[in-house]
Structure formats: structure tokens, C-alpha cells
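Colleague:
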Amino acid sequence: MPNDSAAKMLVVTVSLCFVCSVIVSGVAITLRPMQVANKALEKNRVILESAGLLDEEKTEDIQTLFDERVEVRVVDLGSGEYVDISNPKTHDQRKASKDPTRNYPIPNERDVANIKRRAQQASVYLVRREGKLQNLIIPVHGYGLWSTMYGFLALESDIKTVTGLSFYEHAETPGLGGEIDNPKWRARWVGKFSHDEQGSPRLEVVKGRVDDSRDGAVHQVDGIAGATLTSVGVSNMMRYWLGDNGFGPYLAKLRANSEG
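According to the working numbering, the stretch in the sequence shown is residues 812 to 1071, in order.
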């Protein structure tokens, strides 16, 4: 076969493509476990960050700190009761939300977070000091402008005072909605109250700046300039997950115990 023949060029091209595809597939398979581990580690870092357990001045072993300080439990969202499973850390809430046998289709009138369905059981993260609850961290997610935003909300032992809010996945516009990652904006959540005296969820992001002289300011966070729909999405997320269709029943039980 002549060196410059079309057939030979085609054979060489196909062979080269085949070899390259095998190499790329092999690398992808090899890196997959590492990518999964890194993603899990990042979630643990965000959980610790939301509860104020990370010291920015120190280089800490995230996994060791997480294992030492955080207890993982699984909650049935309908009853608000804990579910006993052999290894709560293996519970995959996002995977469960896609499984018809383990999810709950949310009625349209209650789907304020625009997530369509949720898992029947959810992970919660408890931080204790000397045997007493110090912080509770719950996973929250809801739709913003361009994407579903995934994060964690941390509460103090009274189950209403916010310790922190951190996100670990979203595709909001950098410099606008993406400012939900800005530490200065996240710091504005600290000390706010998630619920009112009647136990109704009130935490929200307002348009513009919070007027501290008005009723309800203790439940409100400054809006993000130029990111109205993202701000609304965060408010709706809080309203859903802190409400009766989300963690509401579970939070009410914890709050009753803390007050008793």
C-alpha cells in the first residue's frame, strides 16, 4: 500500500484515534475514585466551615477533624425521627432523591425551592461538646437563576440561631449570583434567627440592605446587588428546608428538647 494512499491514511487515523480513546478512558477510570474522594472531602470541609470549626490560620486534616467533631445521623423527613442504619456516612441523599422507591414527589404548591422531588430520608450533622449539642448542620438546596445551589446551614444548640451558611456546588453568575460564596456576604448570616417565636420559618434574603429598625430584621440578610433571582432562590431554599415539608418536624422536636 503506497505511503500516501487514502486507505493507509484512514487506517493510521483510525488507529491513532483508537489508541488515544483507550488512553483517555484508562486515565478517567483511574482518576474516578480520586475525584469521588475529593468531592466528599470538599463537602466535609464546607460542613466544618458552616459550623465555624475551621481555623483559617492552621492547615488542618479535614477528614480527621470531621471524624473527631461531627456525628452523622439520618432523619426521616416525614416524621422528624432518626433512622437507624449501619453506616449513616454512606447515605447518599442526592442519589435517593432520584430513586422512585426512596424519594418524595413534592406537590407544586409546596415546591417553593423548585426541586421537584426530595429524598424521604436526609443526612444531618451534629457537633457536640462534652456530650451536649453545640451545632446542628442541615443540607439545603434549591434553584437559583441558572442552577441548583447545594449547601449547608448550621444552627446553634437553640436550633434557631444561625452559625453559618456555606455552598459547595452551584453555577450562578460569577460576580453576581456567585457572590453567595463571598465570605463577607456569608458572614451576614451569623446570628440571624431561622424561625420566629411561633416556630415558623422566617429566614430570608431581602432586596437591598436590611433595616435593623424594622420588625423581622433578625431574620433577614442583605441582598446581593444584581442577583435578585439568586437571592430569591436562597430565600425559597430556606423557606422550604426549614418548613414542614423539609426539616421542620425534626427541628421542632430538637427545639422542644432544648427548651425542655
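Glycine included, every Cβ here is placed at the ideal spot set by N, Cα and C.
What you are looking at is a predicted structure, and each value in this text was computed from that prediction instead of being measured.
#1: Counting C-beta neighbours from all protein chains within 10 Å, is the total for Asn919 16 or more, i.e. buried, or is it exposed?
#2: Which residue wins for smallest C-alpha separation from Met1049, given the options Lys1064, Glu983, Ala1067, Gly975?
#3: Got a sec, what are the start and stop residues for the alpha helix (DSSP H) Lys995 sits in?
#4: Please check the pair Ser861 and Asp969, which I expect to be a contact at CB under 8 Å, by giving their CB distance rounded to whole angstroms.
#5: Please tell me whether, using a cut-off of 7 Å, the distance from the CB of Ile896 to the nearest non-hydrogen atom of the ligand SAH is below it.
#6: Whole-angstrom Cβ separation of Val883 and Ser934, contact assumed at under 8 Å?
#7: Should Lys1003 be labelled buried (16 or more other beta-carbon atoms within 10 Å of its own) or exposed?
#8: From the DSSP output, which residues share a beta bridge with Ser934?
#9: Give every residue of the same chain whose Cβ lies closer than 7 Å to the Cβ of Arg939, excluding the five residues on either side of it in the sequence, and list them in chain order.
#10: Identify, in the order they occur along the chain, each residue of the same chain with its Cβ nearer than 8 Å to the Cβ of Asp1033, setting aside the five sequence neighbours on each side.
Modeller: In brief:
#1: Per the 10 Å Cβ criterion, exposed.
#2: Of Lys1064, Glu983, Ala1067, Gly975, the smallest CA-CA separation from Met1049 is found for Gly975.
#3: Going by DSSP, Lys995 is part of the alpha helix (DSSP H) stretching over 994 to 998.
#4: About 17 Å; that fails the 8 Å criterion.
#5: In the structure on display, the ligand SAH does not appear, and there are no ligands present to speak of.
#6: Confirmed, Cβ separation roughly 6 Å.
#7: Result: buried.
#8: Paired residue(s): Val885.
#9: The residues are Glu882, Gln945.
#10: The beta carbon of Asp1033 lies closer than 8 Å to those of Trp996, Arg999, Val1016, Val1017, Gly1019, Arg1020, Val1021 in the same chain, with the five residues before and after it left out.
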